[in-house]
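A.B. asks: Here it is: the structure, laid out below.
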Amino acid sequence: MLIPQPPACEQCLDLARQALAEQRMRDTLVLLDQARGTCDLDALPAALRCEIGQMQARAGWALYDLRQAYVGASLALSHLPAQARIERVEMLDIASLCLSGAGLMDEALEMAREAVELATRPPQLHPVLPRALGALAHVCAQLGQYDEAEMLHMQALSRARESQEPHAMTRAYTNALLAGALAIDELRRRGHDLQADAMGQRQLRLAFQARSQMDAPEMNQRQRSSLLLNIGIGMMHGGRLSEAQALFEAGQALIHQDELPHAWASLQHAQGECALLAGDLDRARILLEPLLLPEALQAYPFMRAPLLRNALRLYEASGEAARAAQFMQRLQELEEDQARQRRQVGETLRALRRQTPQWLSGQHDLLR
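Per the numbering used here, residue 217 is the first one in the sequence shown, and the count goes up by one each step.
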């Protein structure tokens, strides 16, 4: 039997909805946690539990909190009705990307393919098919299947043009540019510089195309700043450093560190890397060194490896052999630690996949 929830619960959920609409992702997660403390979640209607899961998934993924995002997506998927195909594709995409981030590639590939299959089943879900193709492309890239990933991103862009969904083109370009940047970073890490250079030229062409989306009126601040950042990175990898720097500066006017900390840090890092490539070592140092402080590396875990690699390049170029050796050691330790962390997060997400919907509602120790 469903029982009325206390006013404090309803108030927390209303505030969480507002925070999510305003792109205040950390506040969203805090308010959802407060709601759990005041609600009997098992007594809520399935539709409301589903909404809570969707809010948690969207906010958690925006903050790259894999556990929060995956728990939310799983909760939503356990309550979404079969006819809610668009919402199910979105949650499958988030879940697959979380699994991919945790190194669970077989499970990620399974869910990403499920999302594409669901989106292409007649009648096709034109508004979300580009997103599903982009998520599958990301998983393929993580598996090192770069040609397959690029082909899927091109399909996502083509479907986005057909969809006439306002955010589809923006999202498709952002995803394709981000995926290319990650692939180039990985190719350079492996010493495949010729492949990285060739991909950089393809990314440059894509960045020029994506600039046509910058004036789209439907974009919110986070989407616009993300697109600007990734266009700039595409320009940077294509050797157009001054144009990339101008885009980074334009993006900086859109981002507040307190509100979008991950976007702000990504922009600082991109500007530092751009300065490094341009040979402006003093500017690169000013931009990169604050991000190398222990508290910054702790706050932005997704950036640790590329940051340390750029720090190593900076100190090698500056002739500071001792500091370069220090960062070489830190990079090796980080890569070993990240492998351990991926295993741990992977074990957590595997355990969550085995839990019942009731456990996914927040009653299990894994979720705390």
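Glycine residues also receive a C-beta, built at the ideal position from the N, C-alpha and C atoms.
Can you tell me the Cβ-Cβ gap for residue 470 and residue 440, rounded? I've got them flagged as a contact below 8 Å.
C.D. replies: Indexing the sequence shown from 1 puts residue 470 at position 254. Indexing the sequence shown from 1 puts residue 440 at position 224. Right, the Cβ-Cβ distance comes to about 6 Å (below 8 Å), so this counts as a contact.
A.B. asks: Run through DSSP, which three-state label would residue 432 get?
C.D. replies: Start at 1 with the first residue of the sequence shown, and residue 432 comes out as number 216. Correct three-state label for residue 432: coil.
A.B. asks: For residue 506, does the count of other Cβ atoms within 10 angstroms reach 16, so buried, or fall short, so exposed?
C.D. replies: Position 290 of the sequence shown, counting from 1, holds the residue named residue 506. Exposed: under 16 other Cβ atoms inside 10 Å.
A.B. asks: Could you check whether residue 530 and residue 501 sit closer than 8 Å to each other, using their CB atoms as the reference points?
C.D. replies: Working through the sequence shown from its first residue, we reach residue 501 at position 285. Working through the sequence shown from its first residue, we reach residue 530 at position 314. In contact: residue 501 and residue 530 (Cβ atoms closer than 8 Å).
A.B. asks: Tell me which residue opens and which closes the alpha helix (DSSP H) that residue 442 is part of.
C.D. replies: Here the question's residue 442 lines up with position 226 in the sequence shown. Element bounds for residue 442: 437 to 453.
A.B. asks: Quick check on this structure: which residue in 396, 393, 386, 402 has the alpha carbon closest to the alpha carbon of residue 436?
C.D. replies: For the purposes of this step, residue 436 is identified with residue 220 of the sequence shown, where counting begins at 1. It is 386 whose Cα lies nearest to the Cα of residue 436.
A.B. asks: Output the distance between the C-alpha atoms of residue 355 and residue 448, rounded to the nearest integer angstrom.
C.D. replies: Locating residue 355 in the sequence shown gives position 139, where the first residue counts as 1. Locating residue 448 in the sequence shown gives position 232, where the first residue counts as 1. Whole-angstrom Cα-Cα distance: 23 Å.
A.B. asks: Rounded to whole angstroms, what is the Cα-Cα separation between residue 341 and residue 302?
C.D. replies: As a position in the sequence shown, residue 341 is number 125, starting the count at 1. As a position in the sequence shown, residue 302 is number 86, starting the count at 1. Each residue's alpha carbon lies about 7 Å from the other.
A.B. asks: Exposed or buried, which one is residue 235 when buried takes at least 16 other CB atoms within 10 Å?
C.D. replies: Here residue 235 refers to the residue found at position 19 of the sequence shown. Per the 10 Å Cβ criterion, buried.
A.B. asks: What residues in its chain sit with their C-beta under 8 Å from that of residue 263, if we drop five residues either side in the sequence?
C.D. replies: Residue mapping note: residue 263 aligns to position 47 of the sequence shown, counting from 1. Cβ within range, chain order: 295.
A.B. asks: Quick check: what's the CA-CA separation for residue 363 versus residue 352?
C.D. replies: For the purposes of this step, residue 363 is taken as the residue at position 147 of the sequence shown. For the purposes of this step, residue 352 is taken as the residue at position 136 of the sequence shown. Distance between the alpha carbons of residue 363 and residue 352: 13 Å.
A.B. asks: Which residue from 261, 233, 495 puts its Cα closest to that of residue 249?
C.D. replies: Translated into positions along the sequence shown, residue 249 becomes position 33. For the residues 261, 233, 495, the minimum Cα distance to residue 249 belongs to 233.
A.B. asks: Flag this pair as yes or no: are the beta carbons of residue 489 and residue 526 separated by less than 8 Å?
C.D. replies: The count along the sequence shown starts at 1 and reaches residue 489 at position 273. The count along the sequence shown starts at 1 and reaches residue 526 at position 310. Yes; because the gap between Cβ atoms is below 8 Å, this pair is in contact.
A.B. asks: Got a sec, what are the start and stop residues for the alpha helix (DSSP H) residue 464 sits in?
C.D. replies: Here the question's residue 464 lines up with position 248 in the sequence shown. That run of the alpha helix (DSSP H) goes 457 to 468.
A.B. asks: Indicate whether the contact test is met: 3 or more Cβ pairs, each with one atom in the stretch 374 to 384 and one in the stretch 407 to 418, closer than 8 Å.
C.D. replies: Because the criterion of three Cβ pairs below 8 Å is not met, the stretch 374 to 384 and the stretch 407 to 418 do not touch.
A.B. asks: Start and end of the alpha helix (DSSP H) containing residue 534?
C.D. replies: Locating residue 534 in the sequence shown gives position 318, counting from the first residue. Where residue 534 is concerned, there is no enclosing alpha helix (DSSP H), given that its DSSP letter is neither H nor E.
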